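In the UniProt record's numbering, the protein residues as written are 1 to 306. Heads up, the beta-carbon is just placed ideally off N, CA and C, and yes, glycines get one too. Please read these numbers as outputs of a predicted model, since none were measured by experiment. Worksheet: one structure, shown below.
Here is the structure:
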């Protein structure tokens with residue numbers, strides 16, 4: 001197996017992990033600040049993708065499509081928080097799960113009603129299409145490298161927001177003692193709406209970016225949501241740094257496991273059996289990783305110890 005193939009798959013895993021981070025960052029903010037289990041987060045990812053595909057089809061501008069995805073998902077998130085989520089903060093986690101699962105059904109059927117059941121397609125813009133030559137003669141798609149760069153810039157922006165701004169101080173304080181910051185005059189309702197809208201916007205942006213390399217279709221957010229939950233469990237609930245590290249670990253594990261486990265098993269068994277067994281093990285690899293991390297550190301890599 002060539003070194004070029006290995007490096008390409010590492011880059012693929014990194015790109016996948018960065019996109020998971022955009023989902024997981026919003027999810028970990030929402031759970032960390034509000035204590036809310038939001039199963040509908042994947043639906044906001046889907047909303048962003050459909051908004052981007054629609055705007056790109058109407059205007060031909062990919063940048064406008066990204067702005068639309070970010071804005072529409074943020075607006076949808078704010079509406080959902082005000083109308084539904086605000087009534088669930090003091091509810092049991094089971095009630096939160098049932099209510100947000102109902103939102104999944106509403107978003108899915110509403111999207112199917114507006115856009116139809118057929119997938120939409122969002123093209124990679126011409127200025128980001130084609131490969132770029134990396135050191136060592138490796139050719140890699142420019143768009144995927146751009147996704148990695150955008151994700152890292154978002155991570156840097158979130159760090160600055162939470163660590164260097166007044167609203168970030170309020171968000172971090174809200175994770176620890178929401179009653180105290182409310183007593184100090186912070187409008188908790190507005191803070192929660194802002195955090196939920198920000199998390200929704202990041203999910204919508206991720207949906208738009210990924211929509212250019214896969215079809216945009218109803219239900220596309222749920223498989224990504226499952227992995228996003230794995231990411232925040234590995235990284236630690238409420239930690240942006242943990243979400244980034246956890247997402248990269250999950251992305252690399254999922255991508256490299258699917259490629260290299262079957263090849264490794266061919267050294268010990270027949271090709272067909274190795275492929276079947278390797279594929280099965282690869283599908284479990286991220287959950288095995290999560291189990292190992294939780295055995296070693298039950299609060300996640302960067303979660304606060306109880």
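Own chain partners of residue i with C-beta closer than 8 Å, once the 5 adjacent residues on each side are dropped
i: residue 254; result: 13, 16, 227, 282, 285, 286
i: residue 72; result: 47, 48, 51, 204
i: residue 112; result: 218
Proximity of residue i and residue j at Cβ, strictly below 7 Å
i: residue 33; j: residue 174; result: yes
i: residue 199; j: residue 29; result: yes
i: residue 62; j: residue 125; result: yes
i: residue 238; j: residue 300; result: no
i: residue 211; j: residue 74; result: no
i: residue 307; j: residue 64; result: Outside the displayed range of the chain (1 to 306) lies residue 307, so it cannot be described from this structure.
i: residue 158; j: residue 288; result: no
i: residue 231; j: residue 247; result: yes
i: residue 128; j: residue 209; result: no
i: residue 197; j: residue 188; result: no
Residue from the options with nearest C-alpha to residue i
i: residue 229; options: 243, 220, 210, 216; result: 243
i: residue 290; options: 185, 49, 249, 144; result: 249
i: residue 156; options: 18, 40, 99, 271; result: 18
i: residue 162; options: 182, 195, 146; result: 195
i: residue 8; options: 136, 56, 280; result: 136
i: residue 92; options: 209, 38, 179; result: 38
i: residue 245; options: 165, 293, 276, 279; result: 293
i: residue 219; options: 274, 129, 116; result: 116
i: residue 168; options: 130, 183, 46, 192; result: 192
i: residue 222; options: 59, 105, 66; result: 105
i: residue 216; options: 31, 2, 53; result: 53
Alpha-carbon to alpha-carbon, residue j and residue i
i: residue 21; j: residue 151; result: 8 Å
i: residue 266; j: residue 4; result: 21 Å
i: residue 271; j: residue 256; result: 18 Å
i: residue 36; j: residue 98; result: 12 Å
i: residue 214; j: residue 121; result: 8 Å
i: residue 110; j: residue 259; result: 37 Å
i: residue 180; j: residue 139; result: 54 Å
i: residue 160; j: residue 10; result: 28 Å
i: residue 178; j: residue 172; result: 10 Å
i: residue 280; j: residue 6; result: 21 Å
i: residue 67; j: residue 123; result: 16 Å
i: residue 264; j: residue 144; result: 27 Å
i: residue 86; j: residue 130; result: 45 Å
Inter-residue CB distance, residue i and residue j (contact presumed, cutoff 8 Å)
i: residue 96; j: residue 88; result: 5 Å
i: residue 201; j: residue 107; result: Residue 201 to residue 107, Cβ: 16 Å. No contact.
i: residue 224; j: residue 42; result: 6 Å
i: residue 40; j: residue 80; result: 7 Å
Neighbourhood of residue i by C-beta distance below 6 Å, restricted to the same chain and skipping five residues each side
i: residue 186; result: 170
Other residues of its chain near residue i: CB distance less than 7 Å, five sequence neighbours each side excluded
i: residue 164; result: none
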